[in-house]
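Novice:
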Amino acid sequence: DTEVTQTPKHLVMGMTNKKSLKCEQHMGHRAMYWYKQKAKKPPELMFVYSYEKLSINESVPSRFSPECPNSSLLNLHLHALQPEDSALYLCASSQEPGLVSNEQFFGPGTRLTVL
Amino acid sequence: GNSVTQMEGPVTLSEEAFLTINCTYTATGYPSLFWYVQYPGEGLQLLLKATKADDKGSNKGFEATYRKETTSFHLEKGSVQVSDSAVYFCALSDNTNAGKSTFGDGTTLTVKP
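The listed protein sequences derive, respectively, from chains A and U.
Quick note on the numbering used here: the first sequence kicks off at 351 and runs consecutively.
Quick note on the numbering used here: the second sequence kicks off at 14 and runs consecutively.
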């Protein structure tokens, strides 16, 4: 299984809602990532988990809260988002944290719209 | 810091035309280089990679050679198809940046029949 899955595929939420994005991989990868991608732009790194511990937070606002319950799962909890947070949220994984030759495997993304 | 510069798009070609998308990089360490492709409505997927100087990555008819002397990793394909229409991202990761990837801005390719 060489797939990263993400749910939901689409999400519409109001600024007062709380929602969560989910990501799963069964490749035994020990690094997992959250990216934000705006239209016609490259992905922007948000968080990196290495061996289930948060290793990188790219100064992301606290209204985004990541969680890694186990080595296969990654969540992104959303609360009090702003319309400018509307974007495609991509999850990715790679075999070993910090191994520069490792490619990243990306999920299909969650298209988030904040009203 | 690290950076990746891709040729500006969009690029529009006729089917069976030759494709080149230029990519140059700046890195402080010894980077690995990647090309990712993103089809409409999908996430990114690895197209090819090279981990050291003079390596050639290839996949699905696409090729790119890691040129340390010119700090380049240009993507080429001899004969494009309509199904190659997508956004192409050049990226690097190196050992000075905790293995994080740096992406270029992406180049949109449209192939017309």
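All residues carry an ideal CB built from backbone N, CA and C; glycine is no exception.
Remember, it's a predicted structure, so these values are computed and weren't measured experimentally.
Mind checking whether L46 of chain U and Y38 of chain U have CB atoms under 8 Å apart?
Specialist: Their beta carbons are under 8 Å apart, which means L46 of chain U touches Y38 of chain U by this criterion.
Novice: Going along chain A, which residues have a C-beta under 8 Å from K113 of chain U?
Specialist: Going along chain A in sequence order, the residues near K113 of chain U (Cβ under 8 Å) are L395, V398 and I406.
Novice: If you draw a straight line from the C-alpha of S98 of chain U to the C-alpha of P433 of chain A, how long is it?
Specialist: Rounded to the nearest angstrom, the two C-alpha atoms are 30 Å apart.
Novice: Whole-angstrom Cβ separation of E394 of chain A and Y383 of chain A, contact assumed at under 8 Å?
Specialist: Not confirmed; about 11 Å, so no contact.
Novice: For E28 of chain U, which three-state DSSP category applies?
Specialist: Coil.
Novice: Anything in the segment 86 to 103 of chain U with a Cβ closer than 9 Å to a Cβ of chain A? List those residues in chain order, please.
Specialist: Under the 9 Å Cβ criterion, the segment 86 to 103 of chain U contributes V100 and F102.
Novice: Rounded to the nearest angstrom, what separates G70 of chain U and T83 of chain U at their Cα positions?
Specialist: For G70 of chain U and T83 of chain U, the distance between alpha carbons rounds to 17 Å.
Novice: Which whole-angstrom value is the C-beta distance of L440 of chain A and G457 of chain A, which I expect to be below 8 Å?
Specialist: Contact holds; Cβ gap of about 6 Å.
Novice: Would you call D67 of chain U buried or exposed, if buried means 16 or more other Cβ atoms sit within 10 Å of its Cβ?
Specialist: Exposed: under 16 other Cβ atoms inside 10 Å.
Novice: Label T460 of chain A either buried or exposed according to how many other C-beta atoms from any shown protein chain fall within 10 Å of its C-beta, with 16 as the threshold for buried.
Specialist: Its Cβ being crowded by 16 or more others within 10 Å, T460 of chain A is buried.
Novice: Under 9 Å, CB to CB, which of the residues in the segment 438 to 460 of chain A have a partner in chain U?
Specialist: Hits within the stretch, in order: L438, L440, C441, A442, S444, E446, P447, G448, L449, V450, S451, N452, E453, Q454, F455, F456, G457, P458 and G459.
Novice: So which of A:L371, A:T357 and A:Q356 has the shortest CA-CA distance to S415 of chain A?
Specialist: For the residues A:L371, A:T357 and A:Q356, the minimum Cα distance to S415 of chain A belongs to A:L371.
Novice: Compare the C-beta of S45 of chain U against all C-beta atoms of chain A and say whether one is closer than 8 Å.
Specialist: It does; some Cβ of chain A falls within 8 Å.
Novice: Whole angstroms are fine: how far does the CA of G364 of chain A sit from the CA of L431 of chain A?
Specialist: Cα to Cα, L431 of chain A sits roughly 8 Å from G364 of chain A.
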